[in-house]
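Q: In our numbering, the protein residues as written are 1 to 337. Each residue gets a CB set at the ideal place from its N, CA and C atoms; glycine is no exception. Quick caveat: nothing in here was measured; it's all calculated off a predicted structure. Here you go, one structure.
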């Protein structure tokens with residue numbers, strides 16, 4: 001580990017060590033207490049990697065600790081040929097609690113990369129509409145306007161026969177592009193339960209943004225023959241493809257932590273083995289661990305200060321009867337009650 005490392009972890013007093021089947025021993029993470037700092041989350045960021053175009057930032061501002069993803073590429077709304085330089089775009093800041101376990105910090109970075117790429121994926125599916133290219137799945141769509149125009153936006157298509165769907169789907173895909181690549185329908189097949197299988201091929205474009213779709217194929221499963229369902233299934237599949245790429249290429253300390261090549265059964269066995277120490281630990285330590293977890297959970301309780309939101313949450317929680325765990329706190333200013 002580099003000299004920059006500042007440990008955010010230390011074992012609880014008298015925490016037991018667990019002997020692993022490999023011969024190594026460890027103090028399981030659920031016996032550790034955490035105090036994350038800017039230096040510690042920077043170190044974790046340095047130990048994570050994905051690809052050359054993805055920059056992992058970690059820092060602290062007036063609102064606390066955060067991690068953030070930057071993507072280096074071209075503007076997805078302009079032709080690449082018209083852009084002389086790449087640019088860096090930043091995703092949202094993901095807030096990090098000071099007492100978050102390091103494993104959860106790694107998971108947050110992993111999720112932040114997936115969501116930053118999803119933002120781009122949604123902008124890269126383009127459909128020609130009235131001689132203009134539109135990105136209908138973009139996250140920049142106006143939520144308030146959609147709510148106001150809901151009556152005319154919801155799909156009210158009449159059921160299509162398979163022949164009608166085949167014709168409309170083929171025409172639609174000729175008007176569509178993903179990351180500058182044409183989208184070709186190879187086959188459409190209806191199942192006995194009326195579901196529809198659609199085989200899609202993307203040969204790739206001349207100037208792709210994400211550069212991970214060349215010569216790729218997808219099989220989409222639709223609940224019924226519907227071009228609207230086709231578009232949603234296509235977007236879901238493109239996001240899943242991007243997510244899977246991140247799962248296989250993202251590493252922490254050089255290991256593809258979320259790769260599907262990891263044996264789930266071996267992972268389950270390792271988890272169970274580290275949890276067995278709970279029953280073997282002294283009663284005094286188990287009591288201490290319970291208290292520490294209680295305090296940690298309490299630190300994450302939300303505080304509600306707006307009267308309208310407080311009333312709504314109280315009403316909803318009342319429907320469940322008495323609950324275990326920590327209730328939210330309500331500190332509505334007296335002048336507003």
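Taking buried to mean at least 16 other C-beta atoms within 10 Å of its own C-beta, is residue 219 buried or exposed?
A: Position 219 of the chain shown, counted from the start, is the residue given in the question as residue 219. Exposed, by the Cβ-count rule.
Q: Report the rounded CA-to-CA distance for residue 167 versus residue 202, giving the unit in angstroms.
A: Residue numbering aside, residue 167 sits at position 167 when the chain shown is read from its first letter. Residue numbering aside, residue 202 sits at position 202 when the chain shown is read from its first letter. Taking the straight line joining both Cα atoms gives about 19 Å.
Q: Do residue 135 and residue 230 have their CB atoms nearer than 7 Å?
A: The residue given as residue 135 occupies position 135 in the chain shown. The residue given as residue 230 occupies position 230 in the chain shown. No. Outside cutoff.
Q: Report the CB separation of residue 72 from residue 88 in whole angstroms; it is logged as a contact under 8 Å.
A: Walking along the chain shown from the start, residue 72 turns up at place 72. Walking along the chain shown from the start, residue 88 turns up at place 88. At roughly 5 Å, the Cβ-Cβ gap stays under 8 Å, so residue 72 and residue 88 are in contact.
Q: For residue 126, which beta-bridge partners are listed by DSSP?
A: The residue labelled residue 126 in the question sits at position 126 within the chain shown. Answer by DSSP bridge pairing, in chain order: 177.
Q: Helix, strand or coil: which one does DSSP assign to residue 38?
A: Within the chain shown, the letter at position 38 stands for residue 38. Helix.
Q: Excluding the 5 residues preceding and the 5 following residue 8 in the sequence, name in chain order all residues of the same chain whose CB lies nearer than 7 Å to its CB.
A: To locate residue 8, count along the chain shown from 1; it is residue 8. The residues are 34, 35, 36, 37, 40, 102.
Q: Please work out which residues of its chain come closer than 6 Å, Cβ to Cβ, to residue 225, disregarding the five sequence neighbours upstream and downstream, and give them in chain order.
A: The residue given as residue 225 occupies position 225 in the chain shown. Hits under 6 Å: 160, 162, 165, 196.
Q: Measuring only the C-alpha atoms, how far is residue 124 from residue 62?
A: Taking the first residue of the chain shown as 1, we reach residue 124 at position 124. Taking the first residue of the chain shown as 1, we reach residue 62 at position 62. Taking the straight line from one Cα to the other gives about 34 Å.
Q: Whole angstroms is fine: what's the gap from residue 298's alpha carbon to residue 108's?
A: If you number the chain shown from 1, residue 298 lands on position 298. If you number the chain shown from 1, residue 108 lands on position 108. When rounded, the distance between both Cα atoms is 21 Å.
Q: So does the segment 12-20 actually touch the segment 287-306, counting three or more Cβ pairs closer than 8 Å?
A: They touch, by the three-pair rule.
Q: Mind the definition here: the segment 239-250 touches the segment 179-193 only if three or more C-beta pairs lie below 8 Å; say whether that holds.
A: The answer is no - the segment 179-193 does not touch the segment 239-250, with fewer than three Cβ pairs under 8 Å.
Q: Cβ of residue 205 within 7 Å of Cβ of residue 215?
A: To locate residue 205, count along the chain shown from 1; it is residue 205. To locate residue 215, count along the chain shown from 1; it is residue 215. Taking 7 Å as the Cβ cut-off, residue 205 and residue 215 do not qualify as a contacting pair.
Q: Are residue 74 and residue 83 closer than 7 Å when you measure CB to CB?
A: Within the chain shown, numbered from 1, the residue matching residue 74 stands at position 74. Within the chain shown, numbered from 1, the residue matching residue 83 stands at position 83. Cβ distance < 7 Å, so residue 74 and residue 83 count as in contact.
Q: Would you grab the beta carbon distance between residue 235 and residue 137 for me? Rounded to a whole angstrom, and I think it's under 8 Å.
A: In the chain shown, the residue the question calls residue 235 occupies position 235. In the chain shown, the residue the question calls residue 137 occupies position 137. The Cβ separation is near 5 Å, so the contact holds.
Q: What is the DSSP secondary structure of residue 236, reduced to helix, strand or coil?
A: Residue 236 sits at position 236 when you count from the first residue of the chain shown. Note: residue 236 maps to helix in three-state DSSP.
Q: Counting C-beta neighbours from all protein chains within 10 Å, is the total for residue 156 16 or more, i.e. buried, or is it exposed?
A: In the chain shown, residue 156 corresponds to position 156, counting from 1. Residue 156 comes out exposed.
Q: Going by CA-CA distance only, name the one from 52, 180, 144 that's closest to residue 207.
A: Reading the chain shown from its first residue, position 207 is the one you call residue 207. Of 52, 180, 144, the residue nearest in Cα terms is 180.
Q: With distance defined between alpha-carbon atoms, name the residue in 47, 332, 238, 243 nearest to residue 126.
A: Along the chain shown, read from residue 1 onward, the residue named residue 126 stands at position 126. Out of 47, 332, 238, 243, 238 has the C-alpha closest to the C-alpha of residue 126.
Q: For a test of the three-state rule: what should DSSP assign to residue 260, helix, strand or coil?
A: Taking the chain shown and counting its residues from 1, the one referred to as residue 260 is at position 260. Looking at residue 260 - three-state DSSP - the assignment turns out to be coil, as it is neither helix nor strand.
Q: Can you give, in chain order, each stretch of the beta strand (DSSP E) that sits fully within the segment 188-253 and has at least 3 residues?
A: Correct list: 196-202, 216-222.
Q: By the 10 Å Cβ neighbour count, where 16 or more other Cβ atoms means buried, how is residue 26 classified, buried or exposed?
A: As a first step, residue 26 must be located in the chain shown, where it is residue number 26. It is exposed - the Cβ of residue 26 has fewer than 16 other Cβ atoms within 10 Å.
Q: On a CA-only basis, which of 96, 44, 114 is nearest residue 244? Give me that one, please.
A: Counted from its first residue, the chain shown places residue 244 at position 244. The shortest C-alpha separation from residue 244 is found at 114.
Q: Any heavy atom of the ligand FMN closer than 6 Å to the beta-carbon of residue 197?
A: Absence of the ligand FMN is noted for the structure shown, with no ligands found whatsoever.
Q: When you compare only the Cα positions, how much space is there between residue 10 and residue 154?
A: Here residue 10 refers to the residue found at position 10 when the chain shown is read from its first residue. Here residue 154 refers to the residue found at position 154 when the chain shown is read from its first residue. Answer to the nearest angstrom: the Cα atoms are 54 Å apart.
Q: With DSSP run on the structure shown, which of helix, strand or coil describes residue 134?
A: Within the chain shown, the letter at position 134 stands for residue 134. Correct three-state label for residue 134: strand.
Q: From which residue to which residue does the alpha helix (DSSP H) around residue 58 run?
A: Position 58 of the chain shown, counted from the first residue, corresponds to residue 58. Taken as a continuous stretch (DSSP letters only), residue 58 belongs to no alpha helix (DSSP H), being part of the beta strand (DSSP E) at 54-61.
Q: Any idea what DSSP makes of residue 329, helix, strand or coil?
A: Position 329 of the chain shown, counted from the first residue, corresponds to residue 329. Residue 329 falls in the strand class under three-state DSSP.
Q: Let me check understanding here. Comparing Cα to Cα, which of 151, 295, 78, 306 lies closest to residue 132?
A: Position 132 of the chain shown, counting from 1, holds the residue named residue 132. Here the closest residue by C-alpha is 78.
Q: Pull the bridge partners of residue 185 from the DSSP assignment, please.
A: As a first step, residue 185 is located in the chain shown; it is residue number 185 there, counting from the start. 200, per the DSSP bridge assignment.
Q: Give every residue of the same chain whose Cβ lies closer than 8 Å to the Cβ of residue 105, excluding the five residues on either side of it in the sequence, and list them in chain order.
A: For the purposes of this step, residue 105 is taken as the residue at position 105 of the chain shown. Answer for residue 105: 36, 41, 44, 67, 96, listed in chain order.
Q: Using a Cβ-Cβ cut-off of 7 Å, state whether residue 218 counts as contacting chain D.
A: Any reference to chain D falls outside this structure, which holds one protein chain only.
Q: Can you tell me whether DSSP reads residue 272 as helix, strand or coil?
A: If you number the chain shown from 1, residue 272 lands on position 272. DSSP places residue 272 in helix when its eight states are reduced to three.
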